[in-house]
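Colleague: Take a look at the following structure, please.
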Amino acid sequence: MDGLPALNDPAAARVALTAFLRGVERRGVVFAHWQGGDPVNGDAALAATLREFARVAPSVPFADWPRRFWAMLLAAPQLRNAGAPVGDVPAEVAALAGGPRAALLLRVVAGLAESDAAAVLGIARPSYRLALQRALPRSGDGSPDTAAWRELSQAAQLAVRAVPAERLETIAMLREGLRPRPAAPPRSTAARRRPRWLWPATVAVIALTAGALAATWWWPGAGAATQAGGDGSIRIEELPPPASPAARAGPASLAGHRDLGLLIDQATGAFPDDADPAFDAWLVLELARDGRLPEPPVITDVDADAASRELPDAPR
Amino acid sequence: MRRARSCACGWLVLLLLAGATAAQPREGADARLAALEPAQADALRRRLEAWEALPESMRRERREAWAAWQALPAQERARMRDAHEAWRALPVAEQQLLRSRFDMLDAGIARGWLLGPTLGADWPRLHALFAQVPPQQRDATLQALRALPAQAREDLAVLAQRTPPQDREALRQALLAQPPAQRAQWLRQRVAP
Chain A
0 MDGLPALNDP
10 AAARVALTAF
20 LRGVERRGVV
30 FAHWQGGDPV
40 NGDAALAATL
50 REFARVAPSV
60 PFADWPRRFW
70 AMLLAAPQLR
80 NAGAPVGDVP
90 AEVAALAGGP
100 RAALLLRVVA
110 GLAESDAAAV
120 LGIARPSYRL
130 ALQRALPRSG
140 DGSPDTAAWR
150 ELSQAAQLAV
160 RAVPAERLET
170 IAMLREGLRP
180 RPAAPPRSTA
190 ARRRPRWLWP
200 ATVAVIALTA
210 GALAATWWWP
220 GAGAATQAGG
230 DGSIRIEELP
240 PPASPAARAG
250 PASLAGHRDL
260 GLLIDQATGA
270 FPDDADPAFD
280 AWLVLELARD
290 GRLPEPPVIT
300 DVDADAASRE
310 LPDAPR
Chain B
0 MRRARSCACG
10 WLVLLLLAGA
20 TAAQPREGAD
30 ARLAALEPAQ
40 ADALRRRLEA
50 WEALPESMRR
60 ERREAWAAWQ
70 ALPAQERARM
80 RDAHEAWRAL
90 PVAEQQLLRS
100 RFDMLDAGIA
110 RGWLLGPTLG
120 ADWPRLHALF
130 AQVPPQQRDA
140 TLQALRALPA
150 QAREDLAVLA
160 QRTPPQDREA
170 LRQALLAQPP
180 AQRAQWLRQR
190 VAP
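Protein chains in written order, with numbering that gives the first Met the number 0: chain A, 0 to 315; chain B, 0 to 192.
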């Protein structure tokens, strides 16, 4: 990798780590909630990941931090099986299975570049591009719905900004292994005593709304691609170009298509979207070398022919 | 990054794989298409849309990977699937370490692994010998290489290093001219007479 090496100066490393964690935690809240479906489990997953990441970060090259962090969060047990969504999860996201959902959220919530998102999922870039396209909102005729995509990106952006400070505090306490403060008191108590944060929060919301309104006035091209800097905001990009008219035609365009065999193998799972045969072949040797994969049996020509006949078309 | 670098052996893999790509029977795919349920055909059509939206370079890469996978013996495919599952079961840090080590390989060497775990390992030392395989000999060459036992591939690698470029064609032809069962012995004698 041509990334920077791990930071050697402990003080600089601490500062860098704090800045990094601050940069990802809001996005992490939304990502974990939308990916796993449950905000409480999501917060717990994020807290555990933040804690674990802080432990391993000193030994990871700085340039690899985003990939490592998001991969660790995605691997959290709470996010493995996306259940029925609780709370405010956009319908387009909730409708997706775990894999495509992760592909989408790594882009719109985590704000990762395509190469980093592919690396987080451990797949090649073309596979990632395919997974993302499959996850894009679609309009009635099956074509990618540009407006819905933009709305989803903006919803993600808003959700990230709207994460309340209390929730981050709770996550910080979970991260430190402390018991979070009890949940908000019942409504009847709240009605009697107005919370202290309400007034500043109201001002903030009004200011945000006014700012957003002003932005639509002064910045009519707000829907076009905007590049975010390192300020924690989300990157919005145009959709990939729409499919060619030929691809939208009827069944005739499938018959005789030069890639039909490949597409059918992908659709049936025989050759999954994320299949990377070169990597898998390399893995065979690498894992066998340190004993994590049993050595292959010695196969003669005759055995090999017999094996080819007996085995069905194994996936991958 | 490896994508920025390349070496001639990447193109040689392509040359060898070209035979496999050309050999895919289109009629078979059409028959599979005809056997699909309407809902499956719809899903396939959506898949085709996503596919068509990919840049040609990415489609070429996927096509090449698929053709290579198709050309592999079932036993090697099963082994690759096991390896992939074992990798998925590793902690994230180890997964990423392995992935980044693979990504750091030279592009040509990495592509050589498309020939499967057996030939991929030997490819860096064998590729010099297979620079100019005539199209009609691609399948036979791949088949012959795959059928060689480990010691014979080792011997062939030694011969590939020893043989000057102008004599490589003759060596390859002589190897293919041997009956399959005697190739290993023939190579052994050439290396250690």
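Note that CB positions come from ideal geometry on N, CA and C, so glycine has one too. Everything numeric in this text was worked out from a predicted model, so none of it was measured.
Considering only the beta carbon of each residue, do B/Met103 and A/Ala280 sit closer than 8 Å?
Modeller: Within the second sequence, numbered from 1, the residue matching residue 103 of chain B stands at position 104. Within the first sequence, numbered from 1, the residue matching residue 280 of chain A stands at position 281. The answer is no: Cβ separation not under 8 Å.
Colleague: Tell me whether A/Leu207 is buried or exposed, calling it buried when 16 or more other Cβ atoms sit within 10 Å of its Cβ.
Modeller: Mapped onto the first sequence, residue 207 of chain A falls at position 208. By the 10 Å Cβ count, A/Leu207 comes out exposed.
Colleague: With A/Ala147 and A/Leu78 assumed to form a contact (beta carbons below 8 Å), what rounded beta-carbon distance in angstroms separates them?
Modeller: As a first step, residue 147 of chain A is located in the first sequence; it is residue number 148 there, counting from the start. As a first step, residue 78 of chain A is located in the first sequence; it is residue number 79 there, counting from the start. That pair is no contact at about 24 Å.
Colleague: Determine the DSSP secondary structure at A/Ile122, reduced to helix, strand or coil.
Modeller: The count along the first sequence starts at 1 and reaches residue 122 of chain A at position 123. A/Ile122: coil per DSSP, three-state reduction.
Colleague: Which of the residues in the region 276-297 of chain A, read from start to end, lie with their CB under 7 Å from any CB of chain B?
Modeller: Answer set for the region 276-297 of chain A: Pro276, Ala277, Phe278, Asp279, Ala280, Trp281, Leu282, Val283, Leu284, Glu285, Leu286, Arg291, Leu292 and Pro295.
Colleague: Hey, could you find the ends of the alpha helix (DSSP H) A/Arg149 is sitting in?
Modeller: Numbered from 1 along the first sequence, position 150 holds the residue referred to as residue 149 of chain A. Thr145 to Arg160 is the span of the alpha helix (DSSP H), which, as asked, contains A/Arg149.
Colleague: Alpha helix (DSSP H) containing B/Asp121: first to last residue?
Modeller: Your numbering for residue 121 of chain B matches position 122 in the second sequence. First-last of the alpha helix (DSSP H) with B/Asp121: Gly115 to Leu125.
Colleague: Is A/Ile122 a contact residue of the ligand COA, with contact defined as CB to any heavy atom under 7 Å?
Modeller: In the structure on display, the ligand COA does not appear, and there are no ligands present to speak of.
Colleague: In terms of DSSP beta bridges, what is A/Arg137 paired with?
Modeller: To locate residue 137 of chain A, count along the first sequence from 1; it is residue 138. DSSP, once it has assigned bridges, lists A/Pro143 as partnering A/Arg137.
Colleague: Would you kindly report the start and end of the unbroken alpha helix (DSSP H) that includes B/Ala159?
Modeller: As a position in the second sequence, residue 159 of chain B is number 160, starting the count at 1. Under the DSSP assignment, B/Ala159 falls in the alpha helix (DSSP H) whose first and last residues are Ala149 to Arg161.
Colleague: Tell me which residue opens and which closes the alpha helix (DSSP H) that A/Ala277 is part of.
Modeller: Taking the first residue of the first sequence as position 1, residue 277 of chain A is located at position 278. Element bounds for A/Ala277: Pro276 to Arg288.
Colleague: Below 8 Å, can you find three or more Cβ-Cβ pairs linking the region 93-102 of chain A to the region 45-60 of chain A?
Modeller: By the Cβ criterion, the region 93-102 of chain A is not in contact with the region 45-60 of chain A, since fewer than three pairs of Cβ atoms, one from each stretch, lie closer than 8 Å.
Colleague: Can you list the alpha helix (DSSP H) stretches of 4 or more residues lying completely in the region 30-84 of chain B, in chain order?
Modeller: 37-52 and 55-70
Colleague: Is A/Ile263 close to chain B? Criterion is C-beta to C-beta, closer than 8 Å.
Modeller: Taking the first residue of the first sequence as 1, we reach residue 263 of chain A at position 264. Yes, A/Ile263 counts as interfacial toward chain B.
Colleague: List, in chain order, every chain A residue whose beta-carbon is nearer than 8 Å to that of B/Asp29.
Modeller: Mapped onto the second sequence, residue 29 of chain B falls at position 30. Those are Ala254, Gly255 and Leu259, listed as they occur along chain A.
Colleague: To the nearest angstrom, report how far apart A/Gln132 and A/Ala112 are at their CA atoms.
Modeller: Taking the first sequence and counting its residues from 1, the one referred to as residue 132 of chain A is at position 133. Taking the first sequence and counting its residues from 1, the one referred to as residue 112 of chain A is at position 113. Going from the Cα of A/Gln132 to the Cα of A/Ala112 covers about 15 Å.
Colleague: Taking its Cβ as the centre, do 16 or more other Cβ atoms sit within 10 Å of B/Asp166, making it buried, or is it exposed?
Modeller: As a first step, residue 166 of chain B is located in the second sequence; it is residue number 167 there, counting from the start. Per the 10 Å Cβ criterion, exposed.
Colleague: In whole angstroms, what separates the C-alpha of A/Ala47 from that of A/Leu173?
Modeller: Walking along the first sequence from the start, residue 47 of chain A turns up at place 48. Walking along the first sequence from the start, residue 173 of chain A turns up at place 174. Answer to the nearest angstrom: the Cα atoms are 8 Å apart.
Colleague: Residues of chain A with CB closer than 7 Å to the CB of B/Phe101, please, in chain order.
Modeller: Numbered from its first residue, the second sequence carries residue 101 of chain B at position 102. Chain A residues near B/Phe101: Phe278 and Trp281.
Colleague: When the Cα atoms are used, what is the spatial distance from B/Pro148 to B/Leu114?
Modeller: Translated into positions along the second sequence, residue 148 of chain B becomes position 149. Translated into positions along the second sequence, residue 114 of chain B becomes position 115. If you take the alpha carbons of B/Pro148 and B/Leu114, they lie about 16 Å apart.
Colleague: Using DSSP with H/G/I as helix, E/B as strand and the rest coil, what is B/Gln177?
Modeller: The count along the second sequence starts at 1 and reaches residue 177 of chain B at position 178. Here B/Gln177 sits in coil by DSSP.
Colleague: Who are the neighbours of A/Ala96 on chain B, taking C-beta pairs under 8 Å?
Modeller: Taking the first residue of the first sequence as 1, we reach residue 96 of chain A at position 97. Near A/Ala96 there are no residues of chain B at all, since even the closest Cβ is about 14 Å away, more than 8 Å.
Colleague: Enumerate in chain order the residues of its own chain whose CB-to-CB distance from A/Ala316 is below 6 Å, with the five nearest sequence positions on each side excluded.
Modeller: Beyond the ends of chain A as shown, which are 0 and 315, falls residue 316 of chain A; an answer cannot be given.
Colleague: Can you list, in chain order, the residues of its chain with a C-beta nearer than 7 Å to that of A/Ala75? Leave out the 5 residues immediately preceding and following it.
Modeller: Counted from its first residue, the first sequence places residue 75 of chain A at position 76. Around A/Ala75: Ala44, Ala47 and Thr48.
Colleague: List the endpoints of the continuous alpha helix (DSSP H) containing A/Gly260.
Modeller: The count along the first sequence starts at 1 and reaches residue 260 of chain A at position 261. First-last of the alpha helix (DSSP H) with A/Gly260: Leu259 to Ala266.
Colleague: I'd like to know if B/Trp185 contacts chain A, where contact means its C-beta is closer than 8 Å to some C-beta of that chain.
Modeller: Against the second sequence, residue 185 of chain B aligns to sequence position 186. No, its Cβ sits nowhere closer than 8 Å to a Cβ of chain A.
Colleague: Note down the Cα distance separating A/Leu253 from B/Gly27, rounded to an integer number of angstroms.
Modeller: Numbered from its first residue, the first sequence carries residue 253 of chain A at position 254. Numbered from its first residue, the second sequence carries residue 27 of chain B at position 28. If I take the Cα positions, the gap works out to 13 Å.
Colleague: Hey, does B/Val91 have any beta-carbon neighbour from chain A nearer than 8 Å?
Modeller: Taking the first residue of the second sequence as 1, we reach residue 91 of chain B at position 92. Judged by the 8 Å Cβ criterion, B/Val91 is in contact with chain A.
Colleague: Against chain B, does A/Arg247 count as a neighbour if the rule is that its beta carbon must be under 8 Å from one of theirs?
Modeller: Taking the first residue of the first sequence as 1, we reach residue 247 of chain A at position 248. Here the model assigns A/Arg247 a pLDDT of 46, short of 50, so the residue's position is not dependable and the matter cannot be decided.
Colleague: Can you tell me whether DSSP reads A/Arg195 as helix, strand or coil?
Modeller: The sequence position of residue 195 of chain A within the first sequence is 196, counting from 1. Look at A/Arg195 here: in three-state DSSP terms it is coil, with no helix or strand label.
Colleague: Let me make sure I understand the geometry here. Which of A/Gly86, A/Pro9, A/Val202 and A/Leu262 has the alpha-carbon closest to that of A/Trp33?
Modeller: Your numbering for residue 33 of chain A matches position 34 in the first sequence. Residue nearest to A/Trp33 within the set A/Gly86, A/Pro9, A/Val202 and A/Leu262 is A/Gly86 (criterion: CA-CA distance).
Colleague: In the DSSP assignment, find the alpha helix (DSSP H) that holds A/Asp37 and state where it starts and stops.
Modeller: Along the first sequence, read from residue 1 onward, the residue named residue 37 of chain A stands at position 38. Segment: none, A/Asp37 is in no alpha helix (DSSP H) and carries neither H nor E.
Colleague: Between which residues of its own chain and B/Pro192 is the CB-CB distance below 7 Å, once the five residues before and five after are set aside?
Modeller: For the purposes of this step, residue 192 of chain B is taken as the residue at position 193 of the second sequence. So the list is empty, once near-sequence residues are dropped.
Colleague: How far does the alpha helix (DSSP H) with B/Gln205 in it reach, from first residue to last?
Modeller: Within the shown structure, residues of chain B are numbered from 0 to 192, placing residue 205 of chain B beyond reach of any answer.
Colleague: Which class does B/Val132 belong to by DSSP, given the choice of helix, strand or coil?
Modeller: Residue numbering aside, residue 132 of chain B sits at position 133 when the second sequence is read from its first letter. Here DSSP, grouped into helix, strand and coil, assigns B/Val132 to coil.
Colleague: Using alpha carbons as the reference points, say which of B/Arg46, B/Ala67, B/Pro54 and B/Leu32 lies closest to A/Arg137.
Modeller: As a working note, residue 137 of chain A is residue 138 in the first sequence. Checking every option, the nearest Cα to that of A/Arg137 belongs to B/Arg46.
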